[in-house]
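The structure under discussion appears below in the form of structure tokens.
In the working numbering, the protein residues as written are -11 to 174.
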């Protein structure tokens, strides 16, 4: 059996090489590219993200990736969003008082964490839902977070994993072929 083909979407956001190395270590045939045909054809697509919500959305739109991500989800083809790559999958983000439209693949808004210390930086535990496939076998592990914004409301029709930092926030989502983590799994 051949290795699964995974595209790490290059839309100008950082963290591409660490995602590429982690996926290769896991046995995937990884390509880092902005080529939309490759992104559509791959067995899986990873949408990384580091930085501001609006800047990441601008990068995704600049390479035309919004359509490919939506097509993959509609066709039940795996997509994984990481950190801001998770956040842009939601309807909107509010950073520094400015509201920006997201992709709208998941309901909800990304808002500033209600914690005394922001950013939330460091290792934290998560609480996955029963039957989580994303966290199977690693339910009690600690995961590394670096963020000031997150979704803090439940998501209908999705398996939601929660973490705590000044209140509960969404640490992971499983919604059909669309999976996402607020933390950096790589």
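All residues carry an ideal CB built from backbone N, CA and C; glycine is no exception.
Extent of the continuous beta strand (DSSP E) run through residue i
i: residue 57; result: Looking at the DSSP string, residue 57 is not in any beta strand (DSSP E); the run it does join, the alpha helix (DSSP H), is 53 to 62.
i: residue 70; result: 67 to 70
i: residue 152; result: 147 to 152
i: residue 166; result: 166 to 169
Counted within 10 angstroms of its Cβ, other Cβ atoms place residue i as buried (16 or more) or exposed
i: residue 118; result: exposed
i: residue 174; result: buried
i: residue 141; result: exposed
i: residue 91; result: buried
i: residue 50; result: exposed
i: residue 45; result: buried
i: residue 111; result: exposed
Those residues which DSSP pairs with residue i across a bridge
i: residue 17; result: -7
i: residue 135; result: 108
i: residue 94; result: 78
i: residue 38; result: Paired residues: none, contrary to the question.
i: residue 87; result: 82
i: residue 32; result: -6
Cβ separation of residue i and residue j, assumed to be a contact under 8 Å, to the nearest whole Å
i: residue 75; j: residue 137; result: 7 Å
i: residue 158; j: residue 139; result: 4 Å
i: residue 39; j: residue 1; result: 6 Å
i: residue 152; j: residue 121; result: Not a contact, Cβ separation roughly 23 Å.
i: residue 113; j: residue 130; result: 6 Å
i: residue 78; j: residue 94; result: 5 Å
i: residue 165; j: residue 66; result: 5 Å
Continuous alpha helix (DSSP H) stretch holding residue i: start and end
i: residue 163; result: Counting along the chain, residue 163 falls outside any alpha helix (DSSP H), though it belongs to the beta strand (DSSP E) covering 156 to 163.
i: residue 27; result: 24 to 29
Worksheet entry | Cβ pair count under 8 Å reaching 3, the region 53 to 73 against the region 103 to 116 | no
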